[in-house]
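Student:
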Amino acid sequence: MVGQADAEDEIFELVDEDDRVVGTAPRAECHSRGLLHRAVYCWVTDPEGKILLQQRSLAKKMGPGQWDLSVAEHLQPGEVYVEAAVRGLKEELGISVDRADLQGPLAPTHLRDLKLHDFHDRELVQSYLLAGWRGDRLEVDPAEVAGTRWIAREDLVREVRAHPEAFTAWSRAEGSSLGWLQGACVELPGATKLPTSVPC
Numbered sequence: 001m002v003g004q005a006d007a008e009d010e011i012f013e014l015v016d017e018d019d020r021v022v023g024t025a026p027r028a029e030c031h032s033r034g035l036l037h038r039a040v041y042c043w044v045t046d047p048e049g050k051i052l053l054q055q056r057s058l059a060k061k062m063g064p065g066q067w068d069l070s071v072a073e074h075l076q077p078g079e080v081y082v083e084a085a086v087r088g089l090k091e092e093l094g095i096s097v098d099r100a101d102l103q104g105p106l107a108p109t110h111l112r113d114l115k116l117h118d119f120h121d122r123e124l125v126q127s128y129l130l131a132g133w134r135g136d137r138l139e140v141d142p143a144e145v146a147g148t149r150w151i152a153r154e155d156l157v158r159e160v161r162a163h164p165e166a167f168t169a170w171s172r173a174e175g176s177s178l179g180w181l182q183g184a185c186v187e188l189p190g191a192t193k194l195p196t197s198v199p200c
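The numbers in the UniProt record's numbering rise by one with no breaks, and the one at position 164 of the sequence shown is 164.
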């Protein structure tokens, strides 16, 4: 499926810090005004434990050309986190799975708060894991993904330490907080955990 990268009129549900829906707004307004909305991350590993990274399309507004975690997806209205993870795997990478194939959430629902220039992204996030994936090939959406690669965890740690600018800020922060990157990067300012998780 070929999509459009970062459609500015895409509608997101707005939430409060208890993850209760309080309204809706277009993507552009959410990211210009720092309106709190939802996102999900999904990490994919192969049977040897290597982590799948995707390189973001150059058409992306944020992090063009940077290496990212396997999938990062905004939730559609009415969707729950794990459903968005399943959808994102299919749309971005061509990986078809069921909810039961994913492990998670890997941590309590938490806030990611990223400010860059005129961009302010405030998201409640859950992370999931698709472990031991044995698929033969990926079918990427070129509007979203410029490339992919598999990398051993120790090599990822080494690369993030040497070239943090090559990786998205949120993948470094999430990888660090989950222990994937073993302290290789510093948590983003404002990337605080909420006290309780929200059922998925």
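Each residue gets a CB set at the ideal place from its N, CA and C atoms; glycine is no exception.
1. Counting only C-beta atoms, is V86 closer than 8 Å to chain D at any point?
2. In the DSSP assignment, find the unbroken beta strand (DSSP E) run with H74 in it and report its ends.
3. Determine, using beta carbons only, whether V40 and V97 come nearer to each other than 8 Å.
4. For a quick check, are the C-beta atoms of W57 and A146 less than 8 Å apart?
5. Quick check on DSSP: helix, strand or coil for R149?
6. If the criterion is Cβ atoms closer than 8 Å, does the pair H110 and G34 meet it?
7. Please report the straight-line C-alpha distance between S32 and E8, rounded to a whole angstrom.
8. Going by beta-carbon coordinates alone, are A28 and F12 separated by less than 8 Å?
9. Exposed or buried, what is V44 when buried is set at 16 or more other beta-carbons lying within 10 Å of its beta-carbon?
10. Count the other C-beta atoms from every protein chain shown that fall within 10 angstroms of the C-beta of Q54, then say buried if there are 16 or more, exposed otherwise.
11. Return the residue from the list Q103, E92, H74 and A169 that minimises the CA-CA distance to Q66.
12. What are the start and end residues of each continuous beta strand (DSSP E) run of 3 or more residues lying completely inside the UniProt domain "Nudix hydrolase" (35 to 173), in chain order?
13. Just the C-alpha distance for H37 and L114, rounded to the nearest angstrom, thanks.
14. Check the C-beta distance from P47 over to R134 and give it rounded, since I have them as a contact under 8 Å.
15. I believe residue 201 touches Y81 by the beta-carbon criterion, under 8 Å. Please report the beta-carbon distance rounded to the nearest angstrom.
16. Please report the straight-line C-alpha distance between E139 and A173, rounded to a whole angstrom.
17. Sorted by chain position, which residues of the same chain lie with C-beta nearer than 6 Å to E73's C-beta, five sequence neighbours on each side aside?
18. Counting along the chain, where does the beta strand (DSSP E) carrying A25 start and finish?
19. Keeping to the same chain, check which residues put their C-beta closer than 8 Å to that of E79; ignore five residues upstream and five downstream.
20. W180 and R137: beta carbons closer than 8 Å?
Tutor: The short version:
1. No chain D appears in the structure shown, which is made up of a single protein chain.
2. V71 to H74
3. At a Cβ-Cβ threshold of 8 Å, V40 and V97 do not count as neighbours.
4. The sequence shown places Ser at residue 57, not Trp. Taking 8 Å as the Cβ cut-off, S57 and A146 qualify as a contacting pair.
5. In the structure shown, R149 sits in a strand (DSSP, three-state: E or B).
6. no
7. 11 Å
8. no
9. buried
10. buried
11. Taking only the C-alpha atoms, the option nearest Q66 is A169.
12. 37 to 44, 51 to 56, 71 to 74, 110 to 116, 119 to 130 and 145 to 151
13. 13 Å
14. About 6 Å separates the beta carbon of P47 from that of R134, a gap short enough to meet the 8 Å contact definition.
15. Here the chain comprises residues numbered 1 to 200, so residue 201 is not present and cannot be evaluated.
16. 27 Å
17. Taken in chain order, the residues that qualify are V40, A84 and G88.
18. Counting along the chain, the beta strand (DSSP E) containing A25 begins and ends at V21 to P26.
19. R87
20. no
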